[in-house]
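Here the sequence shown stands for residues 91 to 814, where the numbers follow our numbering.
Shown next, in structure tokens, is the structure this report addresses.
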Amino acid sequence: MNTEPSSVASSWAGSAAGNPAHRKERGHIAQRACEVCRRRKQKCDEEKPTCGYCSKTQLECDYGSPKPTKKDKTLVELLDLVTNINQHTSHIPEIYAQLLSLSDSIPAPLPTEGTSSSDGASSTATAQPSSQLGLPPHHQAARPYASAVNKMVVWPAVRQTLENVRPKIHGIQSIFQGPGSSSSVLLEQREDLRRLSRGGVESMGSHDRIVLGIAPDDPRPIQMTSISPHILADRVRIYFNTFNRIHPVLDRQYFMEVVFPGVLHNRFGEDAASTLLCLVMALAEVAIADVSGRGFSAFQGHQNGEPGDTTDEIEYRPPGIEFFNEARRRLGFSMGECSLENIQMYILAGLYYECCSRHMEFWRMTISASLACHALVASNSAELRAAHGDQICRAFWYCSMMETGIQLEFELPLTGLDKLEPSIQMPQFPDYVTTTNELLRAQMYNDRMSHFGEIFVYQISLRNLAVEIHDGLEQVAEAPAPTPGQTMPDADDLLRTTVDKLARQLEQWHSSLPGYLSWDRDLASTVYSAPELQPSGQWFYVQSMYAAEAMDGLHPAPMTNFIGPDMANPNANIGYPNSDDVLLAVMRSRYYYLEYLLYRPFAYKVLHEHPDNLSEADLSATTRFLHACVLWPVMVPPTSQHKRMIPCLYFWSQNILGALIILHLSLVNPMLSNIRQSHCRQGYEQEAELTVEWGIAWIRDLKDTDRTAQWCWTILKGLYRLDG
91 MNTEPSSVAS
101 SWAGSAAGNP
111 AHRKERGHIA
121 QRACEVCRRR
131 KQKCDEEKPT
141 CGYCSKTQLE
151 CDYGSPKPTK
161 KDKTLVELLD
171 LVTNINQHTS
181 HIPEIYAQLL
191 SLSDSIPAPL
201 PTEGTSSSDG
211 ASSTATAQPS
221 SQLGLPPHHQ
231 AARPYASAVN
241 KMVVWPAVRQ
251 TLENVRPKIH
261 GIQSIFQGPG
271 SSSSVLLEQR
281 EDLRRLSRGG
291 VESMGSHDRI
301 VLGIAPDDPR
311 PIQMTSISPH
321 ILADRVRIYF
331 NTFNRIHPVL
341 DRQYFMEVVF
351 PGVLHNRFGE
361 DAASTLLCLV
371 MALAEVAIAD
381 VSGRGFSAFQ
391 GHQNGEPGDT
401 TDEIEYRPPG
411 IEFFNEARRR
421 LGFSMGECSL
431 ENIQMYILAG
441 LYYECCSRHM
451 EFWRMTISAS
461 LACHALVASN
471 SAELRAAHGD
481 QICRAFWYCS
491 MMETGIQLEF
501 ELPLTGLDKL
511 EPSIQMPQFP
521 DYVTTTNELL
531 RAQMYNDRMS
541 HFGEIFVYQI
551 SLRNLAVEIH
561 DGLEQVAEAP
571 APTPGQTMPD
581 ADDLLRTTVD
591 KLARQLEQWH
601 SSLPGYLSWD
611 RDLASTVYSA
621 PELQPSGQWF
631 YVQSMYAAEA
641 MDGLHPAPMT
651 NFIGPDMANP
661 NANIGYPNSD
671 DVLLAVMRSR
681 YYYLEYLLYR
691 PFAYKVLHEH
701 PDNLSEADLS
711 ATTRFLHACV
721 LWPVMVPPTS
731 QHKRMIPCLY
741 FWSQNILGAL
751 IILHLSLVNP
761 MLSNIRQSHC
771 RQGYEQEAEL
781 TVEWGIAWIR
791 DLKDTDRTAQ
801 WCWTILKGLY
811 RLDG
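What follows is the structure, encoded as structure tokens:
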């Protein structure tokens, strides 16, 4: 009986089979038979190039392509692995260059408290030239691109200047936040302790009652239906003469002949049209307050809680808040509609929030308008061909313009509205008038005489140019560094080529302007008039380090027609405000901003690279940049006195701050100062001083009610040694 376990037996058998002494002699391993022998199914002698049978029968002998063996496949895999390694190692020079640029971006060490006591008397620290920042000649520093101003303040030269200011800027380190924090300034709006009043028209005081033609001692509670149609029409007229010329999302004839009568007939229901009329009333009150010269702080309201307690909310009562609250009460009933009025009410609600310096709420309302517009156009494109189709186009392009401005300054994502641009035409603003109402005809004629429609279309073109400039400069910044042996253009050539191309497009835009909208960009007299003409009210000019010299030369002309009669019918709108000059100022300022954005990379190069690396083209481009930093019409009084009319206050506040930082650096940085002194046009020094004066006044006027302006004021207060 065999008692050996089977496992042991099998193991012995395996080992015996593996022993060469027990292995059977292996015969010849056939490689591959020729095709003829394979068809015959006979053995082939495998002679090359012709086997014996094919040679004997004089047939064509074909062995075909040999199939890869396991060894061949392994070799192919090894070859692929080596190729992959070579591809990765080819990026080593680029990574090395990036590491060098990172080391160049580290700012110089700050002076210690013990060694900086002498700096306490100086207003600012002098920026070091590029050679003192450790950059050797012919070394190209990395030139990152970011459109947001709070990304510009972390440039090494700018950061060093701000950190060396004595006394120190309060909270300076919180300013230098990491990447991705561009929206932090916008998010800080949520920390505002000023709460908007929540009362509707029933909470109006006696003065407001009298203005609306309601007896102050009337015991009945006020409702929207308590206001006479004449007063309502009066406010609607003011809105269309002011806000709607700057943001022409409503059509005057359609509103007055369709929307307005429908709301009165329904006695202010809860539909989108009633909400829209309440918002028009609110913005009309804002326009009246703006023209009257009442500052932002005049509507601060009262504080809830004990006096001196800063933890409680402060009730803020801006002009028109009662009508705005009436709109907010109705907004929820129509927020889900997919209609033109739904888009328009979100737009107007956002405009009112922006007038109150509620930038977060403005952004949210703008996004809601964009999404509503996207839903309307995508779900029913036939709406674009309807009678109100041109209004949809206006609303679409308004949302696109606002989204672009928000993205440039806060780097917030888009809603996807830009993907519908190819299917949306430019607004037409038809010239024909079909109404028989003579007063309405006169008002529409004056709308055309203000050229608000043309200006809106030109601003859409500027928005498209802003997108191209932003994308072009981003591509330059993200372009890979050329590796040894490559013939790619270097970063400087690519930047100059891109900027030259975009500059030509800007020039073409300006050349396309008709004579009544064009201006001489290099002639100060197009912004100013004779020195003896001064704006009414010297209260505007604040005392600062520039006050003594800044006002000795050029003075702005007063906005004589900001309140005045319409042109065609003097009896139609006597005493009604209009926003024509503000409209022109905004368009021209956006042009200067795009020049400022386009040439800003050259300022980075001047501030951070060795002077030997600078070409004449670099100096010329930097000169263009310095010219673009001054005399933005929105900051020039008297336009700047009507800030509630100026769209996107946060955008202008932050970019005015950026321009003032650059103008300061152009005094303390040796290379930039040399360009300012030797290359800028005649009279530039006075223009720069006026720009600093008016820019500081802009931020000072907003700092108590606007969180963005507070952030800007924190920097300017230390940089320019300002009080307050």
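Glycine is no exception: its CB is placed at the ideal position from the N, C-alpha and C atoms.
The structure displayed is predicted, hence computed values, not measured ones.
#### Entry: Inter-stretch contact at 8 Å, needing at least 3 Cβ pairs: the region 359-378 / the region 435-445
yes
### Query
From the DSSP output, which residues share a beta bridge with L286?
Y406
### Task
Quick one: give me the first and last residue of the alpha helix (DSSP H) that F414 is part of.
411-424
### Query
Just curious, the alpha helix (DSSP H) that L452 is in, first and last residue?
The displayed chain sequence assigns Phe, not Leu, to residue 452. Run containing F452: 449-469, per the alpha helix (DSSP H) assignment.
### Task
For M84, count neighbouring Cβ atoms within 10 angstroms of its own Cβ and tell me buried if that reaches 16, exposed if not.
Because the chain in this structure spans residues 91 to 814, residue 84 falls outside the shown range and cannot be described.
### Of the residues Y442, D324, V166, A247, the one placed nearest P751, counting alpha carbons only
Reading off the sequence shown, one finds Ile at residue 751, where the question assumed Pro. Comparing Cα positions, the closest option is A247.
### Query
If you compare alpha carbons, which of Y522, R335, E431, V467 is closest to K509?
V467
### Task
Output yes or no for whether 7 Å exceeds the beta carbon distance between D361 and S424.
yes
### Task
Measure from the alpha carbon of R811 to the alpha carbon of each residue in R256, T159, W245, then state which is nearest.
R256
#### Entry: Alpha-carbon spacing of T798 relative to Q744, whole angstroms
7 Å
### Query
To which residues of the same chain is D642 closer than 6 Å at the C-beta, ignoring the five residues directly before and after it?
Annotation note: pLDDT 35 at D642 (below 50); position unreliable, no value reported.
### Message
Let me check understanding here. Comparing Cα to Cα, which of R454, T315, I336 lies closest to T546?
### Response
The amino acid at residue 546 is misidentified as Thr; the sequence shows Phe. With distances taken between Cα atoms, F546 lies closest to I336.
### Task
Whole angstroms is fine: what's the gap from G422's alpha carbon to A693's?
C-alpha of G422 to C-alpha of A693: approximately 49 Å in a straight line.
### Task
Would you kindly work out how many angstroms separate the C-alpha atoms of W629 and V381, rounded to a whole number?
Bear in mind that the predicted position of W629 carries a pLDDT of just 29, short of 50, making it too unreliable to give a figure here.
### Task
May I have the straight-line CA-CA distance separating I259 from L806, to the nearest angstrom?
Per the coordinates, the alpha-carbon of I259 lies some 9 Å from the alpha-carbon of L806.
#### Entry: Backbone secondary structure at D561 - three-state DSSP
helix
### Close beta carbons around A465, own chain, < 7 Å, minus the five adjacent residues each side
The answer, listed in chain order, is C428.
### Task
Starting from Y376, trace the alpha helix (DSSP H) both ways and give me its first and last residue.
Here residue 376 is Val; the residue named in the question, Tyr, does not match the sequence. Its alpha helix (DSSP H) spans residues 362-382.
### Query
Whose CA, out of E416, I300, V291, lies closest to the CA of P311?
With distances taken between CA atoms, P311 lies nearest to V291 out of E416, I300, V291.
### Query
Taking just the CA atoms, how far does D796 sit from R448?
8 Å
### Task
Taking V566 as the reference, give the member of L474, A236, I482 with the closest Cα.
A236
### Message
Assess contact between the region 691-709 and the region 598-617, defined as three or more Cβ pairs (one per stretch) separated by less than 8 Å. Is contact present?
### Response
These segments do not touch.
### Query
If you draw a straight line from the alpha carbon of S364 to that of A462, how long is it in whole angstroms?
One C-alpha to the other measures close to 18 Å.
### Query
Does DSSP put W722 in a helix, in a strand, or in coil?
coil
### Task
Compute the beta-carbon to beta-carbon distance between C719 and A675, rounded to the nearest angstrom, for a pair I have assumed lies under 8 Å.
At roughly 17 Å, the Cβ-Cβ gap does not stay under 8 Å, so C719 and A675 are not in contact.
### S602 (DSSP reduced to helix, strand or coil)
coil
### Message
Taking the alpha helix (DSSP H) that D298 belongs to, which residues open and close that run?
### Response
296-301
### Message
Distance check for W487 and E511, CA to CA, integer angstroms please.
### Response
9 Å
### Task
Note down, in chain order, each residue of its chain lying with its Cβ closer than 8 Å to the Cβ of Q343, except the 5 sequence neighbours on either side.
V523, T524, T525, L530, M534
### Task
For my contact list, F715 and Y686 are in at a C-beta cut-off of 8 Å; report their separation, rounded to the angstrom.
7 Å
### Message
For V782 and T729, which I take to be in contact (beta-carbon distance under 8 Å), what is that distance rounded to the nearest angstrom?
### Response
Between T729 and V782 the Cβ distance is about 17 Å, and since that is not below 8 Å, they are no contact.
### Message
Quick check on the burial criterion: 16 or more other C-beta atoms within 10 angstroms. Buried or exposed for H732?
### Response
The residue is buried, with at least 16 neighbouring Cβ atoms inside 10 Å.
### Query
Where M288 and Q776 are concerned, what is the direct C-alpha to C-alpha distance, given to the nearest angstrom?
Sequence check: residue 288 is Arg here, not Met. Whole-angstrom Cα-Cα distance: 47 Å.
### Task
Assess, as a yes-or-no matter, whether the region 143-154 is touched by the region 165-179 under the definition of 3 or more beta carbon pairs within less than 8 Å.
no
### Query
Is it the case that the Cβ atoms of A459 and I482 are separated by a distance below 7 Å?
no
### Query
Secondary structure at L507, three-state DSSP: helix, strand or coil?
helix
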